[in-house]
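Residue numbers (the working numbering): 10 to 201. Since the structure comes first, as structure tokens, the remarks are kept for the end.
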């Protein structure tokens with residue numbers, strides 16, 4: 010389970026929960042179709058890739074400029090379309106947008122490769138396939154964040170409100186650590 014119990018039975022959702030929820034089920038189905046895998050395999054891929062994206066975003070938003078950049082991107086990017094209209098996931102402009110997102114989040118293609126390798130070990134899917142899926146999953150993450158923070162609108166949200174929501178959604182393992190697991194190792198290797 011990707012959510013932790015909080016308080017007296019109150020459950021908080023993270024980005025992976027939202028991506029795999031009913032609101033995004035069409036997007037997961039479109040992802041499966043696009044890459045010729047089962048919906049179950051697509052769910053496994055999203056479950057494995059999304060936490061690394063969350064940790065990368067969380068790392069970048071620790072600095073004020075990174076948080077402002079993410080909030081600005083959410084306000085201007087119309088990323089909700091990736092969830093609202095999953096048919097766009099297979100388009101080249103979606104992949105280009107996803108690669109741009111990955112560049113901002115990870116800062117290095119080596120990190121993306123390491124994330125795909127780790128996901129391959131977790132899912133049994135090939136790392137080459139997962140590397141191809143990663144930009145599309147990145148657009149889905151941004152689409153889900155956009156829908157959650159903007160409520161389907163396109164106006165830039167207030168910074169203070171957004172940072173609280175982002176913190177909850179991006180803390181995928183709820184341990185407060187942003188440099189754990191494979192992404193932490195990849196960032197350390199990439200920025201030595």
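Glycine is no exception: its CB is placed at the ideal position from the N, C-alpha and C atoms.
- Look at residue 68 here: in three-state DSSP terms it is helix.
- Looking only at 68, 91, 54, 47, the smallest Cα-Cα distance to residue 153 is reached by 91.
- By the Cβ-count criterion, residue 67 is buried, with 16 or more other Cβ atoms from all chains shown falling within 10 Å of its own Cβ.
- Judged by DSSP secondary structure, residue 121 falls within the alpha helix (DSSP H) whose first and last residues are 118-132.
- The C-beta distance from residue 115 to residue 84 rounds to 22 Å, too long to fall under 8 Å, and the pair is not in contact.
- Note that the segment 24-41 does not touch the segment 111-131; fewer than 3 beta-carbon pairs, one per stretch, sit closer than 8 Å.
- Sequence-distant partners of residue 106 (beyond 5 residues in either direction) whose C-beta falls short of 6 Å from its own C-beta, in its chain, are 148.
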